[in-house]
Amino acid sequence: MAKMDWWVSMPKVELHAHLNGSIRDSTLLELARELGNKGLVCFPDVEHVILKDDRSLTEVFKLFDLIHILTTDHETVTRITKEVIEDFAAENVVYLELRTTPKKNVSKGMNKKSYMEAVLEGLRAVTTVEVDIFSEHNFDSPANASTFARGNDCASNGTGKKKIYVRLLLSIDRRETTEAAMETVKLALEMRHLGVVGIDLSGNPVIGEWLTFLPALEFAKEQGLLITLHCGEVSNPVEIHAMLDFLPSRIGHACCFGEAEWAKLKSLKIPVEICLTSNIRTETISSVDIHHFADLYNSGHPIVLCTDDSGVFSTSVSGEYSLASSSFGIQKRAMFQLAKNAINFIFAGHRNEMNTSDLVEVGTKGSIGSLVRKEIEYFRRLELECNWAFIESQKTNYMKMDSSGCSCWPSFESCRMKWKKKRRINGGCLPAMCFMVDVSEGNSEKEIIQFSDSETDLGRVLWL
Ligand SMILES: [Zn+2]
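In this text, residue positions in the sequence shown follow full-length UniProt numbering: the first is 1, and each later residue adds one.
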């Protein structure tokens, strides 16, 4: 199996994806050309930006400006929603939380509610995959449960189509007023039966004050909606502490934390949505090897890999898993576990509590818990298959070791990785040394086998 195929075939959960940032390049090109023909944008100016894969920060902003112009009518919102769902399903995302900021556009007769109705219309318009957008009670069906359990790879639901579970988060833009934020929360409550499970706070991190949004977020929490916050995208310790004190169900990014903020985050065990490519492209983190993923991963903090804006940053969930694996030298088995753990942080099926140790009542009849249990079983089966393939590959690699003094396994990219201190753009603290560096310093087979708890069992199997 080709390297990327493996990551695509792995069932995945995506919890931090913005609708407007996930638009296909081909669709952007088509829509931009139409606007160009109408004289509303200068098509040659944006064409080359859309066609690029490695956009600079300036080009990223240019693309967001274009998207903002493009997504102001219902038809376009419906179309891009449909396509985004199809694209995530195509790479075996089995559960997706899609977030979007409900918009108003008086000239097109659009208000926040009609915008969300256009999103829902897009979900219904999906043809390549079966979309489940309904609330918890719909999980009662054993048929639904077994379909979810089989994942996107081989789901059979009577229609012969793959299946994806989609839930929606309504975003509050940091440019909004308290009243506007409250309007979004009330809309979310109104649409709960249509798959809306939570609220997100996002937008330009240097605009807006935390206290402006707090009343709406507190109201949302009181009403049982779960909250995720874009947190620490810029260095702002006061806001970061206030956000953590609010006890959101998850936070996104956490790039510009100081020591005190890390300590608080870890003690509260708030799950972090990690978006590697996004952080690099936006230059929030200067290079992937100093990303705080390593520190959070090594310390066992709850994390989930996400795309943020797969279209704008030319990435995919599969690509993020592949990137993390190669950048930090984490084996497929451990990455598989990471993907599996994401189930613990989904918002569907939850009430007002957020205790990561018992987020999901696994096995609860008639709830999403039963689905998740089935999903875990599905993961486990694949994991076993994966382990055997992994063991075979490691045996082969070991046999290839020469006498040059290298005592590490060739497939461990991190064997070559030495921790280099690099300055962070925003002055964030450096993550702890990657645990895999220890591997490169082992001098015997025994040390290799026992390099970490997570791999010890596998090591035992290997050397039996
Ligand atoms: Zn985001």
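All C-beta atoms in this analysis are idealised placements derived from N, C-alpha and C, irrespective of residue type, glycine included.
Cβ neighbours of residue i in the same chain (closer than 7 Å, five flanking residues each side left out)
i: Pro248; result: Ile227, Thr228, Leu229 and Ile270
i: Trp210; result: Glu239, Ala242 and Met243
i: Val196; result: Leu168, Leu170 and Ala188
i: Tyr95; result: Val13, Tyr165 and Ile346
Spatially closest choice to residue i from the options, by CA coordinates
i: Val304; options: Val77, Ile290, Leu276 and Ser287; result: Leu276
i: Pro102; options: Asn92, Thr184 and Leu120; result: Thr184
i: Ser327; options: Val288, Met335 and Ala348; result: Val288
i: Glu259; options: Ser235, Ser278, Ile274 and Val272; result: Ser235
i: Asp5; options: Cys256, Phe313, Tyr321 and Ala342; result: Tyr321
i: residue 512; options: Ile290, Val41, Ala348 and Ser299; result: Here the chain has residues from 1 to 464 only, and residue 512 is not among them.
i: Tyr115; options: Tyr165, Ile133, Tyr95 and Leu187; result: Leu187
i: Leu28; options: Arg79, His74, Ala263 and Thr284; result: Arg79
i: Pro205; options: Leu189, Glu222, Ala254 and Arg250; result: Ala254
i: Leu51; options: Ile23, Met335 and Ala181; result: Ile23
i: Val77; options: Arg99, Val126, Gly232 and Val119; result: Val119
i: Val272; options: His18, Ser314, Glu218 and Ile346; result: Ile346
i: Val126; options: Ala32, Phe293, His16 and Thr81; result: Thr81
i: Ala263; options: His301, Glu179, Lys113 and Ile290; result: His301
i: Met191; options: Cys256, Gly208, Lys113 and Glu121; result: Lys113
i: Thr74; options: Gly252, Lys104 and Ser9; result: Correcting the residue type first, residue 74 is His in the shown sequence and not Thr. Measuring from the Cα of His74, the nearest candidate turns out to be Lys104.
i: Ser278; options: Met10, Asp25, Asp54 and Val8; result: Asp54
Contacts around residue i, its chain only, beta-carbon distance under 6 Å, and the 5 residues preceding and following it disregarded
i: Asn20; result: Ile67 and Thr71
i: Lys3; result: none
i: Gly405; result: Residue confidence is low: Gly405 scores 31 on pLDDT, short of 50, so the model does not pin down where it sits. Its coordinate-derived value is still stated next. Within the same chain, Gly405 has no close Cβ partners at all.
i: Ile133; result: Leu123, Val166 and Gly195
i: Ala216; result: Ala181, Met182 and Val185
i: Ser325; result: Met335
i: Leu323; result: Leu276
i: Ala342; result: Val13 and Val304
i: Glu222; result: none
Opposing strand residues paired with residue i [DSSP bridges]
i: Ala17; result: Leu98 and Asp308
i: Arg250; result: Thr228
i: Leu170; result: Thr100 and Ile199
i: Asp132; result: Tyr165
i: Met110; result: Asn105
i: Lys12; result: Val93
i: Glu273; result: Gly252 and Val304
Sequence-distant residues of the same chain with beta carbon closer than 8 Å to residue i, five excluded per side
i: Val317; result: Lys12, Glu14, Phe88, Glu91, Val93, Leu305, Cys306, Thr307 and Ser310
i: Ser177; result: In the sequence as presented, Ser is not what sits at residue 177; that position holds Thr. So the qualifying residues of the chain are Thr212.
i: Leu35; result: Val41, Phe43, Ile69 and Leu70
For ligand 1, list every residue whose C-beta falls under 6 Å from any of its heavy atoms, going in chain order. His16, His18, Ser202, His230, Gly252 and Asp308
Using 8 Å as the Cβ pair cut-off and three pairs as the minimum, do the segment 45-54 and the segment 76-93 touch? no
Report yes or no: do the segment 104-112 and the segment 56-67 share at least 3 C-beta pairs separated by less than 8 Å? no
Taking three-plus beta-carbon pairs below 8 Å as touching, is the segment 199-206 in contact with the segment 159-176? Segments in contact, yes.
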